[in-house]
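Peer 1: In order, the protein sequences belong to chains C and D. Residue numbering for the first sequence follows the numbering used here, starting at 726 and increasing by one per position. Residue numbering for the second sequence follows the numbering used here, starting at 607 and increasing by one per position. Dumping the structure here so I can ask a few things about it.
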Amino acid sequence: MLLPWLVGALGITIGPLIASLVLSLTNYSILGSTEFVGLDNYAAVFSDPKFFKSMSVTLMYVCLAVPLQLGLALGLALLLEKGIRWLGVYRAGFYLPSLLGASVAIALLWRQIFKTDGLVNAVLSIFGVTGRNWLYDPDTALLTLVLLQVWTFGSPMIIFLAGLKEIPKELIEAATVDGAGYGRRLKSIVLPLLTPMIFFNLILQTVGAFQAFNQAYIVSGGTGGPVDSTLFYTLYVYIVGFIEYRMGYASALAWVLVIFIGILTAVQFIVSRKWVYYGDQ
Amino acid sequence: MIYPLLWMIRLSFLPESEVANAGLWPEGIWTGINYTEGWSTLSVDFTTFFLNSAVVAILALIGNLLACSLSAYVLARLRFRLQPVYFGVVIATLLIPVHVLLIPQYLTFSYIGALNTFIPLVLPKFLATDAFFVFLMIQFVRGIPRELDQAAFMDGAGYFRIYWSIILPLMRPALATTAIFTVIWTWNDFLGPLIYLTRTSLYTVPVALNALLSTDTGFGTGRLLAMSVLSLVPLVIFFFVAQKQILEGISSSGLK
């Protein structure tokens, strides 16, 4: 009965995992002959300017998008939690973008919004600001993708709302009786008790943002342009592997990403001991 | 927050000549021309693309529900040698980004001649490779009292019977979460179809949209937006129908 899963795990996951590792040690390409090249691919990675470019683009994206997105999610969750009419409607309206955000259709919409004659410039012109073509400017193209990620703040917001519900009412009431205002309660009770949720969302969104692909592909027309300013790491792996067919090198690139995410997650876990509060401590 | 979506809908109903200078909220006429024209701009029309997407989503759904629940039952309940090892593998696969597996999987499917079929998109689901759902379900099965299994076992039910008649019906919340996110993710999936499907008649909707974008030279963006709107309609309907389960699913599992 275990058979389907076993075959799946071996055939679709573990097998390719090993194959990928082996491939990363060769110069495999669909087009040419294959030779074992040892660690040459990995050495090449670290002298590849595009590797550094795509890594810095991705890091910039993650470091901007994730905190903004989580900050907005937390802020709105706190606001909605205070009690509001039409809570269900707001929740649904805020969440809907999360559901659609990764789709090709929304990426196409984003192109339209940030065009020279798009929605953003129309809004800016009301305030007398002259817009530009945000997508063709290497300084701003990545920013549009950051905003797309921020726009999908709904799902972490829902998780925060669920977390806020779990906070015992008695604690809040006790603090209120003792004369603590909203700010004080927020700082000393609500936020500390919410840190596990914040941490959970942080890990989830960081790993997700590292793997973002659709948005960058569509918004840049599959190139990562202008001037590689939206060359996400995953997009670079795709281009090397499936456009240039240098699959050995692409495998090495993919492994570098895995190791990088692994280290980053481990660091986040270690640092979390300093700031995440679990009730039993 | 949903203004961009409303704006998108409005633009998709504008005549092509006015889409370019739409501004904040375009006045002017509403016309369905982008929809009728866009539907058949590519060499194959969107009826086929929507059918393809639906077939892939439904097969993926069936695959994930059956395979993940069966694996979860086996891993959570049955005792056998190496069981902890398998469990460890599930956890490990949780952490592996798809991009590492992409190239070897592509080469494998290419080797068995499965390019330009739905097999690479669907077969993995029947083999329970979405480790996240397996993990979710394992946690759920562990919450079901063992006495139920034992009672059924006393009454002569085999392992499969126990799975099918006891565990599966009790797993409904976990199954619902899995079903919802399988459908959403499969519907939005772009990278998989982009790599595996190169024949136009096999395109799923996202790949078709991309193709429409690439050929977007003469006719502008009106049609592109119209087809984009249509591609989101199933998701939005799905959201309003299953809203309660979706929001519960995210709160409990952190999916999005």
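Ideal Cβ positions, reconstructed from N, Cα and C, are used throughout, including at glycine.
1. Looking at Leu-872 of chain C: is its Cβ nearer than 8 Å to the Cβ of Ala-866 of chain C?
2. What is the DSSP secondary structure of Thr-738 of chain C, reduced to helix, strand or coil?
3. In this structure, how does DSSP classify Thr-751 of chain C when only helix, strand and coil are distinguished?
4. I believe Thr-841 of chain C touches Arg-857 of chain C by the beta-carbon criterion, under 8 Å. Please report the beta-carbon distance rounded to the nearest angstrom.
5. Are Ala-830 of chain C and Leu-612 of chain D closer than 8 Å when you measure CB to CB?
6. Got a sec: is the Cβ-Cβ distance from Thr-714 of chain D to anything in chain C below 8 Å?
7. Determine whether the Cβ of Val-714 of chain C lies closer than 8 Å to any Cβ atom of chain D.
8. I'd like to know if Ser-779 of chain C contacts chain D, where contact means its C-beta is closer than 8 Å to some C-beta of that chain.
9. Which of helix, strand or coil does DSSP assign to Phe-761 of chain C?
10. Output needed for Pro-726 of chain D: all residues of its chain with C-beta closer than 6 Å, excluding positions within five of it in sequence on either side, in chain order.
11. Flag Tyr-767 of chain C as yes if its beta-carbon sits less than 8 Å from any beta-carbon of chain D, otherwise no.
12. Counting only runs that start and end within the stretch 839 to 899 of chain C, where is the alpha helix (DSSP H) found for 4 or more residues in a row?
13. Could you pull out every residue in the same chain whose Cβ sits closer than 6 Å to the Cβ of Gln-1006 of chain C, ignoring the five residues on either side in sequence?
14. Buried or exposed: which applies to Gly-888 of chain C, given that a residue is buried once 16 or more other Cβ atoms fall within 10 Å of its Cβ?
15. Going by DSSP in three states, Gly-798 of chain D sits in which element: helix, strand or coil?
16. Rounded to whole angstroms, what's the CA-CA distance from Ile-943 of chain C to Ile-968 of chain C? Just pull it up for me.
17. Rounded to the nearest angstrom, how far is the Cβ of Val-706 of chain D from that of Leu-742 of chain C, given a contact under 8 Å?
18. In the structure shown, what three-state DSSP assignment does Met-607 of chain D receive?
19. Check the Cβ of Ile-608 of chain D against every Cβ in chain C and list those closer than 8 Å, keeping chain order.
20. Quick check on Phe-935 of chain C: does DSSP put it in helix, strand or coil?
21. With distances taken from CA atoms, which of C:Val-1001, C:Leu-989, C:Asp-953, C:Met-972 is nearest Phe-777 of chain C?
22. Since Ser-618 of chain D and Leu-831 of chain D should fall inside the 8 Å C-beta cutoff, what is the C-beta to C-beta distance between them, to a whole number of angstroms?
23. Could you work out which residue in D:Glu-622, D:Leu-818, D:Tyr-641, D:Glu-643 is closest to Gly-634 of chain D when comparing CA atoms only?
24. Say whether chain C places a C-beta atom closer than 8 Å to the C-beta of Met-743 of chain D.
25. Express the C-alpha separation of Glu-753 of chain D and Ala-682 of chain D in angstroms, rounding to a whole number.
26. Check this for me: beta carbons of Val-696 of chain D and Phe-741 of chain D, under 8 Å apart or not?
27. Quick check on the burial criterion: 16 or more other C-beta atoms within 10 angstroms. Buried or exposed for Phe-852 of chain C?
28. With the cut-off set at 8 Å, would you say Ser-880 of chain C and Tyr-963 of chain C are in Cβ contact?
29. Is it right to say Phe-771 of chain C is buried, meaning 16 or more other beta carbons lie within 10 angstroms of its own, or is it exposed?
30. Determine the chain D residues that contact Val-829 of chain C at a beta-carbon separation under 7 Å, and present them in chain order.
31. Smallest Cα separation from Leu-667 of chain D: which of D:Ser-857, D:Gln-849, D:Lys-731?
32. Report the residue from D:Leu-665, D:Leu-713, D:Leu-676, D:Val-625 whose alpha carbon sits nearest the alpha carbon of Ala-734 of chain D.
33. Tell me which residues of the stretch 772 to 805 of chain D have at least one Cβ-Cβ distance to chain C shorter than 7 Å, keeping chain order.
Peer 2: By the coordinates alone:
1. no
2. helix
3. strand
4. 7 Å
5. no
6. yes
7. Residue 714 of chain C cannot be examined here, being either before or after the span of chain C that is shown, 726 to 1006.
8. no
9. strand
10. Phe-715, Ala-720, Tyr-802
11. no
12. 844 to 851, 866 to 876, 879 to 891
13. With a pLDDT of 49 at Gln-1006 of chain C, under the threshold of 50, the modelled position of this residue cannot be trusted; read the value that follows with caution. Excluding residues within five positions, none has a Cβ falling inside 6 Å.
14. buried
15. helix
16. 16 Å
17. 7 Å
18. coil
19. Gly-818, Leu-821, Pro-822
20. helix
21. C:Asp-953
22. 4 Å
23. D:Glu-622
24. no
25. 14 Å
26. yes
27. exposed
28. no
29. exposed
30. Phe-796, Pro-812, Leu-815, Asn-816
31. D:Lys-731
32. D:Leu-676
33. Ile-790, Asn-794, Phe-796, Leu-797, Ile-801
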